[in-house]
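Protein chains in written order, with the UniProt record's numbering: chain A, 1 to 657; chain B, 1 to 253.
Cβ atoms here follow ideal geometry from the backbone N, Cα and C, with glycine treated the same way.
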């Protein structure tokens, strides 16, 4: 029992450094557990769009995992540095390295057990609490039940056992390879001036540039999904490299410039910053990444929530939307009859009605050859930029819909493009050519639902039979027929309208089994559940990241305070006035703490374009709204950051003076 | 007029909650002429360090006055104090007090940079001093890369570079081995012969035997003083040792 006891006393004695460390462990374990648990939540599957949500959560969990590991390492290295003298003393007093290793293993066991127990416990409690708050906050039923997820617990435990084991190995290596005398002086040994790491700086510049480039050049929303994650990884790598190596490289260049360097206001700041960056670069990069995540998460989820009505009207341009597979005249007549009967019965008018038959295909657009590939086996995943939705409409329906009097010969087509250029005389569907009579840029009514995600090409053909034939040849199984689409609004408002829509849906579903009816009202609630859930998650995850950020900032200020104290005392002795000392401290501390925030804002600015594409997939195209939400989030976050800074820097000054 | 005049300086420390009072200096009076090399000796707790802190204007006396070139240190406002200290005083400390974030060169420049001097000017000033102290080769190194004696030389260079009226040295040989101590004292003698006034607080009889005059402090007062006259270092050493014996065995004045 000697070693566990000794280890316990050590942890208690080093409370000042161990408590933040354990706290960090608990907090990150809690975060990771809650995140994985939510992503595994089975109730989530009932939510519309849960796939996207789960994907986001999985990314968030991965990033949390990586971040936890880095952050614990960072905290741990500080811990070991502080305790080197103690380890040296134990060796001087007669412990051999084996004994020391045993003691350190026990210390790690204790901290790991405490962190895991408290972290998972709090994770379960907080997870439940958060979901209770969510239910209250949204004021309607959300299909989420937050249960204990053994799988999430296991995953969290594995991740953190690995992290703690690696830190232990790192600590053991440090002690094993050092001589007792070195350990005794370890804490006070002057740190070497960091070297300029050109390669790492270059990697940083390249990865960050590549990440920004991808974020800027992503055009299609479908592309954005895959590439966004890649850009995120690249930017993270770039951020770490530039904070660790790039900052030092820049400072060294400043130092080489003698005119700049030997100025009262720059002299102490530049040399101080070099060391500060050496010790704190990783922590600052952490803060930067986390701030970026917080900003993106909150602004995205908030704008989704705030833009809900926009999303609804985009997703449902009309009150009711009916589609029928296979457009026989008989079915169309039945549908028409049902709608008119129900509308009459309730005394509401049918307005803005537009109906048409169409065949929809997924296609790969070969611009050079003016060709659309319709084969199922064409590899779509590599061609996301050329991915198109092809909609073919019979001429008669088109003329009725648009109120035009176009005429076409056999094998002639009208081409309507959206966002593409088209100037060929012939358009090929697979290998079959059609003469192009006219190319048009926009249509009034045949707006495709997915038009913001995938570009559409609309063809108008003289003959519906030809469309049916094409559909038979190229359509996927189960959707190899022409579709009849019918949109309309209903006059009036409130419950009466809702009930008409409900009964239309009911009758149509019963009388025409091939039909599918949606109406706005039924979806409003689902949407609130989905985007309310998103907002909740954004705020929840954001809050967790902010907590971690606060902890890092606080921790850094304290540890830096002890390091800097000695330095400033010397400067005062050599003839620096208190005011000069304060000014120097202030400029360094300000720069160091607001640098991550500034970089985070730059990250967000570069990510903006890609995020708008991702939002388009979720039917939010109101860029102005998103911009406002982002700016508001940045402002609020900056204020919060500033407050944290003010509070912690007071502690810092207290230590230094 | 003397360079430094210390008149009836008294210092009483009060414990934090105003309980007991400790008298560090009861009544210290002495003066130093320009060009002197004075050592102050005394046992631990005799008030040496307190006295030096007051002379360095890092601390204020409870009573009495300190004049540097006729100017009352107590009359200098806090705002000007740092600049005054920078211009008139040079410091050499027991633990060197070099900043480990600076190379030796930058450490030496520190007071000049604080005074807003240009790089070319600083560099011009540094060269002869570095040569005299034998640290020209070491200028680009960092404090943790050089020996204690070399660190102390850099600290001396830092004190000299502003051409101060007075160098205050607090146990400058305290952290050095005997060889490095001898070298440093030789250096002090040399710069003193070049006209630099030095006031050194020390424990070491060997170090003090290099001075022109030795003041002994006991119980917060100047108890005794010895002038070198024509004595050699060895004779001076004997005399100081004898005085210390009297001092510690508690003889009257």
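Check                                                                                                                                                                                    : Outcome
Could you please tell me which residues of the segment 172-196 of chain B, in chain order, have their CB closer than 9 Å to any CB of chain A?                                           : none
For residue 1 of chain B, write down the residues that DSSP places opposite it in a beta bridge.                                                                                         : The partner list for residue 1 of chain B (beta bridge, DSSP) is empty, contrary to what the question assumes.
For chain B, check one thing: does any of its Cβ atoms lie closer than 9 Å to the Cβ of residue 575 of chain A?                                                                          : yes
Beta strand (DSSP E) containing residue 236 of chain B: first to last residue?                                                                                                           : From DSSP, residue 236 of chain B is part of no beta strand (DSSP E) but of the alpha helix (DSSP H) over 233-249.
Just verifying my parser: in three-state terms, what is the DSSP assignment at residue 323 of chain A?                                                                                   : strand
To the nearest whole angstrom, what separates the beta carbons of residue 128 of chain B and residue 161 of chain B, a pair I think is in contact under 8 Å?                             : Incorrect: roughly 10 Å between the Cβ atoms, too far for contact.
Is residue 41 of chain B helix, strand or coil when you go by DSSP?                                                                                                                      : strand
Between the segment 628-644 of chain A and chain B, which residues of the former have CB atoms less than 7 Å from a CB of the latter, in chain order?                                    : none
Enumerate in chain order the residues of its own chain whose CB-to-CB distance from residue 323 of chain A is below 6 Å, with the five nearest sequence positions on each side excluded. : 483, 485, 516
Run down chain B in chain order and give the residues with a C-beta less than 8 Å from the C-beta of residue 78 of chain A.                                                              : Ordered by position in chain B, no residue passes the 8 Å Cβ test against residue 78 of chain A, which lies about 18 Å from the chain.
Would you mind reading off the limits of the beta strand (DSSP E) that contains residue 167 of chain B?                                                                                  : 166-170
To which residues of the same chain is residue 321 of chain A closer than 6 Å at the C-beta, ignoring the five residues directly before and after it?                                    : 487, 518
So what does DSSP say about residue 657 of chain A, is it helix, strand or coil?                                                                                                         : coil
Mark residue 561 of chain A as exposed unless 16 or more other C-beta atoms lie within 10 angstroms of its C-beta, in which case mark it buried.                                         : buried
Once DSSP output is grouped into helix, strand and coil, what is the label at residue 10 of chain A?                                                                                     : helix
Mind checking whether residue 578 of chain A and residue 56 of chain B have CB atoms under 9 Å apart?                                                                                    : no
Does the structure place the segment 258-270 of chain A close enough to the segment 233-244 of chain A that three or more beta carbon pairs sit under 8 Å?                               : no
According to DSSP, is residue 64 of chain B part of a helix, a strand, or is it coil?                                                                                                    : strand
Quick check on residue 124 of chain B: does DSSP put it in helix, strand or coil?                                                                                                        : helix
Quick check on this structure: which residue in A/426, A/273, A/469, A/21 has the alpha carbon closest to the alpha carbon of residue 367 of chain A?                                    : A/426
Does chain A have any CB closer than 9 Å to the CB of residue 71 of chain B?                                                                                                             : no
Starting from residue 466 of chain A, follow the beta strand (DSSP E) in both directions and report where the run begins and ends.                                                       : No beta strand (DSSP E) holds residue 466 of chain A; the alpha helix (DSSP H) holding it covers 464-474.
Is the shortest distance between the beta-carbon of residue 267 of chain A and the beta-carbons of chain B less than 9 Å?                                                                : yes
For the beta strand (DSSP E) containing residue 394 of chain A, list its first residue and its last residue.                                                                             : 387-394
With distances taken Cα to Cα, identify the nearest neighbour of residue 120 of chain B among A/257, A/122, A/149.                                                                       : A/257
Which residues in chain B sit within 8 Å of residue 565 of chain A, going by Cβ to Cβ distance?                                                                                          : Those do not exist, as residue 565 of chain A stays about 13 Å from chain B at its closest Cβ, beyond 8 Å.
So that I know if they touch, is there some Cβ in chain B lying closer than 9 Å to that of residue 277 of chain A?                                                                       : no
In the DSSP assignment, find the unbroken beta strand (DSSP E) run with residue 353 of chain A in it and report its ends.                                                                : 350-366
Here's a check: name, in chain order, each residue in its chain whose Cβ is nearer than 6 Å to the Cβ of residue 249 of chain B, leaving out the five neighbours to either side.         : none
With 9 Å set as the bound, which would you pick, yes or no: does the beta-carbon of residue 78 of chain B sit closer than that to a beta-carbon of chain A?                              : yes
Mind checking the segment 577-588 of chain A against chain B and listing, in chain order, the residues whose C-beta falls within less than 8 Å of any C-beta there?                      : 577, 578, 579, 580
Starting from residue 196 of chain B, trace the alpha helix (DSSP H) both ways and give me its first and last residue.                                                                   : Counting along the chain, residue 196 of chain B falls outside any alpha helix (DSSP H), and DSSP gives it neither H nor E.
Is DSSP giving residue 486 of chain A helix, strand or coil here?                                                                                                                        : strand
Between B/2, B/79, B/186, B/146, which lies nearest to residue 132 of chain B when the distance is taken from Cα to Cα?                                                                  : B/186
Out of B/145, B/67, B/98, point me to the one whose CA is closest to residue 8 of chain B's CA.                                                                                          : B/67
Is the Cβ of residue 271 of chain A closer than 9 Å to any Cβ of chain B?                                                                                                                : yes
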